[in-house]
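Data block below; observations after.
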Amino acid sequence: MGPVGLLTLALGLCSLGGRAAAAGPHILATPEVTSGSNVLISCNITDPPTPIKSHYWLKGDTKLDSNETALEYTAYMIPKVDHESSGEYHCVFETVPLSRATVYVKGELGSKTCRVAIFFKSQGKCD
Numbered sequence: 001m002g003p004v005g006l007l008t009l010a011l012g013l014c015s016l017g018g019r020a021a022a023a024g025p026h027i028l029a030t031p032e033v034t035s036g037s038n039v040l041i042s043c044n045i046t047d048p049p050t051p052i053k054s055h056y057w058l059k060g061d062t063k064l065d066s067n068e069t070a071l072e073y074t075a076y077m078i079p080k081v082d083h084e085s086s087g088e089y090h091c092v093f094e095t096v097p098l099s100r101a102t103v104y105v106k107g108e109l110g111s112k113t114c115r116v117a118i119f120f121k122s123q124g125k126c127d
């Protein structure tokens, strides 16, 4: 892998109370990146319950600077990943009802590498 490690996580997203097809997480690159590298997390919603007005990202309860478009795909770059990058990241799609998924990022301190464990949880019922 080059000087910039890249981890992409695509999430199938379920809507609250909606009936959406859900795919499991797909890790497209190694979940171990060099400390200081960038990590890209992404969400893709399928069968939204209503048209998407926009989408955004949260870390915990804090809204992050991100592209707020009405697309079915969103990605967020975590720059220079380290242990402080750990936490819950939420991709939120403004549908009725709201659709969101949670990506858990756990960075561990290390001498040359930062292990990044990615977990996800979507809200709602998936049929």
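Counting along the sequence shown from 1, when you hit position 25 you're at 25 in the numbering used here, and nothing is skipped either side.
By construction, the Cβ of each residue, glycine as well, lies at the ideal position given by its N, Cα and C atoms.
- Item | Backbone CA spacing between W57 and V96 [nearest angstrom] | Position 57 of the sequence shown, counted from the first residue, corresponds to residue 57. Position 96 of the sequence shown, counted from the first residue, corresponds to residue 96. Taking the straight line joining both Cα atoms gives about 17 Å.
- Query: Thinking C-alpha only, which one of V81, L71, V39 and P79 is nearest V92?
  - Reply: Translated into positions along the sequence shown, residue 92 becomes position 92. Ranking the options by Cα distance to V92, first place goes to L71.
- Just to confirm, are K63 and G36 a CB contact at a threshold of 9 Å? As a first step, residue 63 must be located in the sequence shown, where it is residue number 63. As a first step, residue 36 must be located in the sequence shown, where it is residue number 36. In this structure, G36 does not lie closer than 9 Å to K63 by Cβ.
- Within 10 angstroms of the Cβ of Y73, are there 16 or more other Cβ atoms? Answer buried if so, exposed if not. Here residue 73 refers to the residue found at position 73 of the sequence shown. With fewer than 16 other Cβ atoms within 10 Å, it is exposed.
- Can you tell me which of the three DSSP states S85 falls into? In the sequence shown, counting from the first residue as 1, residue 85 sits at position 85. Residue state, collapsed to three classes: helix.
- In terms of DSSP beta bridges, what is N67 paired with? Here residue 67 refers to the residue found at position 67 of the sequence shown. Paired residues: none, contrary to the question.
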